[in-house]
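For the sequence shown, counting from 1, position 93 maps to 358 in the numbering used here; every step adds exactly one.
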Amino acid sequence: MTLNTAMSRGWTTAAAVAILATVAALAFLGIARAASVSDLTVGSATVEPGGTVTISVTATVDELGAYRVDVGYDSTLVTATECTSAEGVCSIDVIASNTVRLNGSKVSGLSGDIELGTITFLSNGPEGTADLTVDTSTLVLSDTVGDDLTVTPTNGAITIATPAETDAPTATPADLPSTGGSVGTSSANSMAWLLAAAGLTVVAGGAWVLARAGREN
């Protein structure tokens, strides 16, 4: 074997090894960044009879490409009035009765703790609890190439309750000057004036009596 042939075969082998290493590395990275959905949650809240409340539908995802989430509700207690979808459109009672559908997709994928959409409800019934349930039979979650992703949803609820009445605060009377007890400076001054006035009255009366007696004599 000539030197050139040996070098040529050496470079070929090195190139093949490099290509295999690159393919393995890409495969490893692909596995490490596999798309997933680790959480899908419908929120819960408490509202007064006749009030409105907005519920969020959230998810923890990695490379989520598309979603379809149907949320059913109890129409005897609440009515869905508005909805939003983060990356698409939503509909109320169009796909099915008492159901809100959130649709969305993103070519580059969604990752992190995200809000897929919101639903606003009006409390139109008596007190009670209206369950908000994800229909798993129509649930669609997929990655950016269309492969299905799975998750067990966490359902929510709206509790309708009248706020408890709180007792009115008890008024505390302000401290007032005592009408009895020890005589203060003001009371002492008033007493002095009364005594002085009484003394003058006695003196004036005595003088009048003496003057009259003198005239009669």
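For each residue, glycine too, the CB sits at the ideal point set by N, CA and C. This one's a predicted model, so the numbers in the text were calculated from it and none came from an experiment.
In this structure, Val302 and Val416 form a Cβ contact; the two beta carbons are roughly 4 Å apart against a cut-off of 8 Å. Here the segment 364-372 makes no contact with the segment 417-426; the two share fewer than three CB pairs at distances below 8 Å. Assignment of beta-bridge partners to Ile320 by DSSP yields Ile384. Of the other Cβ atoms in all chains shown, 16 or more fall within 10 Å of the Cβ of Thr383; this residue is therefore buried.
Its chain contains Asn368 as the residues whose beta carbon lies nearer than 6 Å to that of Val354, once the 5 sequence neighbours on both sides are disregarded; these appear in chain order. Within 10 angstroms of the beta-carbon of Pro418 lie 16 or more other beta-carbons, which makes it buried. The beta-bridge partner set that DSSP reports for Asn368 consists of Arg333. A check of alpha carbon separations from Leu404 across Ile360, Gly390, Phe386 identifies Ile360 as the nearest. Taking a 10 Å sphere around the C-beta of Ser388, we find 16 or more other C-beta atoms and assign the residue as buried. Nearest C-alpha to Ser321 among Asp358, Thr385, Val410, Pro391: Thr385. DSSP, read as helix, strand or coil, puts Val354 in coil. Cβ atoms of Ala345 and Leu381 stay farther apart than 8 Å, at about 16 Å.
For Thr401, there is no enclosing beta strand (DSSP E), since its DSSP letter is neither H nor E. For Ala331, the closest of Ser402, Val372, Thr401, Ala429 by C-alpha to C-alpha distance is Val372. The DSSP-derived three-state label of Ala429 is coil.
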